[in-house]
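Taking it in order: structure first as structure tokens, then the write-up.
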Amino acid sequence: MLRWIRQQLGFDPPHQSDTRTVYVANRFPEHGHYIPQRFADNRIISSKYTIWNFVPKNLFEQFRRIANFYFLVIFLVQLMIDTPTSPVTSGLPLFFVITVTAIKQGYEDWLRHKADNEVNGAPVFVVRSGSLVQTRSKNIRVGDIVRVAKDETFPADLALLSSDRGDGTCHITTASLDGETNLKTHYSVAETAVCQSVSQLESLQAVVECQQPEADLYRFVGRITVTQHGEEIVRPLGPENLLLRGARLKNTKEIFGVAVYTGMESKMALNYKCKSQKRSAVEKSMNTFLIIYLGILLFEAVLSTILKYAWEVEKNWKEPFYNQKTDQERNSSPILKFISDFLAFLVLYNFIIPISLYVTVEMQKFLGSFFIGWDLDLYHEESDQKAQVNTSDLNEELGQVEYVFTDKTGTLTENEMLFRECSINGTKYREVNGKLVPEGMTDDSPDGSMPHLIGEELLFLKAVSLCHTVHISYDQPDCLVGGGDPFSHSNGFSSNHMEYYASSPDEKALVEATKRIGVAFACSSGDTMEIKTFGKSEKYKLLHLLEFDSDRRRMSVILQTPSGGQVLFTKGAESAILPFTTSGEIEKTRLHVDEFALKGLRTLVVACRHFSPEEYIDVDSHLNAARTALQQREERLQEAFSYIERDLHLLGATGVEDKLQDKVQETIEALRLAGIKVWVLTGDKHETAVSVSLSCGHFHRTMNILELLQQRSDNECAEQLRRLARRIKEDHVIQHGLVVDGASLSLALREHEKLFMEVCKNCSAVLCCRMAPLQKAKVVRLFKTSPEKPITLAIGDGANDVSMIQEAHVGIGIMGKEGRQAVRNSDYAIARFKFLAKLLLVHGHFYYIRIATLVQYFFYKNVCFITPQFLYQFFCLFSQQTLYDSVYLTLYNICFTSLPILVYSLFEQLVHPHVLQNKPGLYRDISKNSLLSFRTFLYWTLLGFCHAFIFFFGSYILMGEDTTLMGNGQMFGNWTFGTLVFTVMVITVTLKLALETHFWTWMNHFVTWGSIGFYFIFSLFYGGIIWPFLHTQDMYFVFVHLLSSGSAWFAIIIIVITCLFPDVFKKIFYRHLQPTGTQKSQSLSAPQSQTLSCVESMCCYQHGQSGCSRLASLLEQMTRQCQASTNHCHTSSRSNRSWSDTENSYSNDRSILTLSPIEATHC
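The numbering of the sequence shown is the working numbering, which starts it at 1 and goes up by one.
Laid out in structure tokens, this is it:
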């Protein structure tokens, strides 16, 4: 609003044009009346609140909840009119709820501010006033010249001015933005590339004109005007000149760039989805239930008001002498009196809406979220990272996930390529200790001896070490200057002095493999490429580079050999190489490639062609003619490449493993068995993505893979979708997989959403490649807003995944190698993808059943609480007389019945964690919000009404005719009757929860029996002492007299048994005759649950095992209580966790989910 007002007054003019003008080093023109444009600062903001708007914004969000707003209205009504109960009964619980919720949400937002401050406070160097000044990232302004050193991330979107290289180029990785780990080369214009010192940059006069910020990572249109000697030189700027925030500088000592987009206007930030308040399905169900209960409340209030006036108009009704109306009351407006009575009844029954439900849910979510961080099964020892909870509001949503959308690079993989096998001249080889060993043979030669590689094998290795676009970085150049030989290793290379950077991770892995074997790529200078073959240097001249493209699916180099001949080396996919080969072991190599693919390896085929002098002259002329053509250059280049890359001699093939994270395949399979569909959304290439999907089990070899690729028009895309839909119906294949690229997806989502959704829903697995960050979010939103409205989960590790993470119902960040953007903007963060299985199948299962029971139980106990109050009005002429004392009204939900359900919602386990992980199908039992269905809600509500009727009329039968229940003939009165009903109610609702509890801990026992005991002790003190600060004390000695009557004790026991016996019978009946899958599994989990001991319950809050687990192990060994548990665990064939006889830890499943069960034998 303030910014809008400032804009209207002219102080903060908005962007008036589609372009922005950036003066390098903020050297603004001195002549004329130039008004500089206003740009965003460089702060990144992921928090919701500030210190100024926290109170109003938080109160607004809290009073959007129906219960909070309702109790605020009730509190105001109690202040304005004379009501049966004190305003404190509504105001105190409301204040408590609002305060606790505000503290919890404030703490979570403080954590976001803390993470933002770490990023915004990072040190950076900028050129100001002729010197290099260190400042904080948030202080960077548009126009500042920023220096970035090697391996640092760019703090803003920078236009490259110069680098330490003479040609002004630099290399970067954008894995945190688009998921690609390959090296990209960026360029500066020649006029600024020479400015490599601070003094030169300070004197640089240049202006950058570019488009306003937009989210597209691959589009940038601009120009730079450099003034030299009074002459203006204009050069175009494109994506190759822009260094994006979040990318990392590699293989370059330092660069200088001018900031063009900063802060929330950078392309990385624009790809963030606006942070919105996520609400779980349980909270939406709660609001629905509250509306129903509000309707019940209004019905009871209206009915009571009507019946009151209907009673008063009866002829035989007489105004009681002790409560006669005043003249003012008799003359008041009937309408106003009706409204006043209606509001009074509304206040009297208002506790049917459980205000404390929200605060209990907030506490349960906040305290329960610590279990995720404490679970050592989610702790990654190598990186020393434990699971992290950024938003506890969505704990139960983890148990409702139907679709998982995952990134590939860094999420499913480790970002590491490993050379595994190769095929040379029809023979398979594998690498053993830096040597190539043929299949079926072992490495018998002593270490350090030179392998015997000759002929085809050596040519193959040379081809692999020369056919690439790899760059070399020397980490210790001084060693080389001093005459030291960096190739001092037995195979000719020492990794201490150089590092490879490649445009493809496969290329890097292959070059590193040949280096280990002995053919090392040593140097690349201009058009010279040098390799060292077992220490012997060979120099080749690079004549032509035939770049890789997705149509040819291969790349080639033409080299001049040391002997003066010309040779073509080419590598690519087997389908792009084998058809053009005329010699070599073609069939054997084809079989080997298929074997490599079945192992999940990424395959490349290598071939060569030797040119005669005449052939090379012809090839050279073809290439030069195509590259200098002004018309149809791309088509002519493709023709030239096809002309050259033919008549090839096949050398062999390589098999490289894209190293998957541990247990990715098992995790995806477990999710599939749980009924969760997994989508892989990646910015990587089609071939790479499919290969990884096959190796990680996302795609099965037996799956029918459908493709929606390279669609160029809406009609073409629609026709292909119809063909796929028909093929799915016609093919009787059990499972289908779908591969979609980004361009085709854009067309499909533009006009054919329904058709695309139909195809996708019939596929078991979907892979989307070449995806832009916002496209990922669009796919997630497409399923979120579909008619079925499934619960979605997105998981990723880079900044390119942030929009997807924020769009999904649940967002999970992977603590990977590509920064912390995904972690900071996620709801939960884990170190590895494999932890997702336990997070959903165990934690999600527990959180959902706990909070679902909590919600239902709260409505149940409030129906039990208020319905007797409603029934009592039929016996007091609807005089609005309260049945319970005001202290009981206030403390019922706060003290007497709050702790048992809170402890239950923290520690309850329907099934043992081992069983949940070993049987993922149990996850289906709680899907679709089944425990909060309308049928279940109706059962709990009707049960509450039934119990309330038994409370009231059971007590009425006891005292209705004869109130002389004392031995001395003393009569019981109104407050005694209400106290009897209240006592029976507190005991019954507490024992009802005890019947629902499957997992008993010492805390459950303490709060269950302690709550009943506290009620009795409190009532004795409250009614047994005259309190001087109370104006009236209606309850004085009432509770003591009640407990002095044997009839009252008998009535309490009979009423409680009457209420609970049908429920016990129902549970036994259904468990034996119609057991659910979860109930069947409980019989399996019962023996396992007894493997835990009281010692472990004391240790469950520890962050590590160090001291506590040793104490547990020592005591368990002393008391010999682990033996039976060990034997039992060893018999479990499917469990991945077992105790060994020599293990000193008390449990290999280091889950810290709950306290352990109480067992008399162990305690």
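C-beta atoms are modelled at their ideal positions from N, C-alpha and C, and glycine is treated no differently.
Quantities reported herein were computed from a predicted structural model and do not represent experimental measurements.
Unbroken alpha helix (DSSP H) run spanning residue i, endpoints
i, result
"asparagine 68", "66-80"
"aspartate 41", "Segment: none, aspartate 41 is in no alpha helix (DSSP H) and carries neither H nor E."
"isoleucine 1053", "1046-1073"
"aspartate 658", "Not the alpha helix (DSSP H): aspartate 658 falls in the beta strand (DSSP E), residues 648-660."
"lysine 536", "Element bounds for lysine 536: not the alpha helix (DSSP H) but the beta strand (DSSP E), 536-546."
"histidine 1041", "1038-1043"
"arginine 770", "Element bounds for arginine 770: n/a, residue is neither H nor E."
Rounded C-alpha distance that separates residue i from residue j
i, j, result
"leucine 991", "leucine 298", "30 Å"
"tyrosine 872", "serine 86", "19 Å"
"histidine 998", "isoleucine 292", "30 Å"
"cysteine 479", "serine 197", "Model confidence at cysteine 479 stands at a pLDDT of 36, short of 50, so the residue's coordinates are unreliable and nothing is read from them."
"arginine 850", "alanine 743", "44 Å"
"serine 356", "lysine 838", "31 Å"
"threonine 603", "methionine 441", "23 Å"
"valine 1064", "leucine 958", "25 Å"
"proline 477", "histidine 471", "The predicted model places proline 477 with a pLDDT of 42, which falls under 50 and marks its position as unreliable, so this point remains unresolved."
"threonine 185", "proline 505", "15 Å"
"asparagine 1127", "threonine 1076", "With a pLDDT of 41 at asparagine 1127, under the threshold of 50, the predicted position of this residue should be treated as unreliable, though the coordinate-derived value follows. Each residue's alpha carbon lies about 29 Å from the other."
"isoleucine 812", "glutamate 362", "21 Å"
"serine 524", "proline 790", "54 Å"
"valine 389", "histidine 698", "27 Å"
"serine 392", "leucine 367", "9 Å"
"phenylalanine 487", "lysine 599", "The pLDDT assigned to phenylalanine 487 is 38, lower than 50, so where the model puts this residue is not dependable; a value taken from the coordinates is nonetheless given after this. Approximately 34 Å, taken between the alpha carbons."
"asparagine 974", "leucine 883", "8 Å"
"isoleucine 926", "glycine 434", "52 Å"
"aspartate 157", "leucine 694", "36 Å"
"glycine 954", "glutamine 880", "22 Å"
"leucine 1114", "leucine 376", "Reliability fails at leucine 1114, whose pLDDT of 37 lies under 50, so the model's placement of it is uncertain and the value that follows must be treated cautiously. In a straight line, the C-alpha of leucine 1114 is about 20 Å away from that of leucine 376."
"alanine 831", "serine 176", "16 Å"
Beta-ladder partner(s) of residue i, from DSSP
i, result
"valine 692", "None; valine 692 has no bridge partner."
"proline 438", "Tyr429"
"histidine 736", "Asn704"
"glycine 796", "Gly813"
"lysine 834", "Lysine 834 is not bridged to any residue."
"proline 790", "DSSP lists no partner for proline 790."
"tryptophan 679", "Phe405, Val766"
"histidine 471", "Tyr501"
Among the options, nearest to residue i - alpha-carbon criterion
i, options, result
"aspartate 731", "Asn704, Arg712, Arg722, Leu709", "Asn704"
"serine 465", "Ser556, Lys428, Ala772", "Ser556"
"phenylalanine 419", "Glu397, Val842, Lys508, His380", "Lys508"
"valine 678", "Gln720, Leu201, Leu724, Leu767", "Leu767"
"leucine 993", "Thr1078, Tyr923, Ile901", "Ile901"
"valine 359", "Glu283, Asp375, Glu414", "Glu283"
"isoleucine 103", "Tyr49, Arg136, Thr89, Val133", "Tyr49"
"phenylalanine 69", "Gly675, Ile353, Lys834, Ser691", "Ile353"
"alanine 97", "Asp658, Asn893, Leu931", "Reading the sequence as shown, one finds valine at residue 97 and not alanine. Cα-wise, what sits closest to valine 97 is Asn893."
"aspartate 658", "Thr702, Lys588, Gln211, Met417", "Met417"
"phenylalanine 351", "Phe54, Lys267, Tyr860", "Tyr860"
Delimiting residues of the beta strand (DSSP E) encompassing residue i
i, result
"phenylalanine 405", "401-406"
"arginine 554", "554-560"
"threonine 514", "Per DSSP, threonine 514 belongs to no beta strand (DSSP E); it is in the alpha helix (DSSP H), 505-517."
"glutamine 211", "206-211"
Residue i: CB within 8 Å of a non-hydrogen atom of the ligand ATP
i, result
"leucine 877", "Summarising the ligand content, the structure contains no ligands, and the ligand ATP is consequently not present."
**OP:** Please specify which runs of the beta strand (DSSP E), each continuous and at least 3 residues long, are wholly inside the region 694-728, giving them in chain order.
**Re:** 704-708
Subject >> Completely contained alpha helix (DSSP H) runs for the region 109-187, where each covers 4 or more residues >> reply: 175-178
Original post:
Going along the chain, which unbroken runs of the alpha helix (DSSP H) with 4 or more residues stay wholly within the region 884-965?
Top reply: 886-891, 898-907, 913-918, 934-959
**OP:** Would you list, in sequence order, the uninterrupted beta strand (DSSP E) runs of no fewer than 3 residues that lie entirely inside the region 824-870?
**Re:** Taking only runs of at least 3 residues, the beta strand (DSSP E) segments lying wholly in the region 824-870 are 828-830.
Subject >> Whole beta strand (DSSP E) elements within the region 558-608, 3-residue minimum >> reply: 566-572, 581-583
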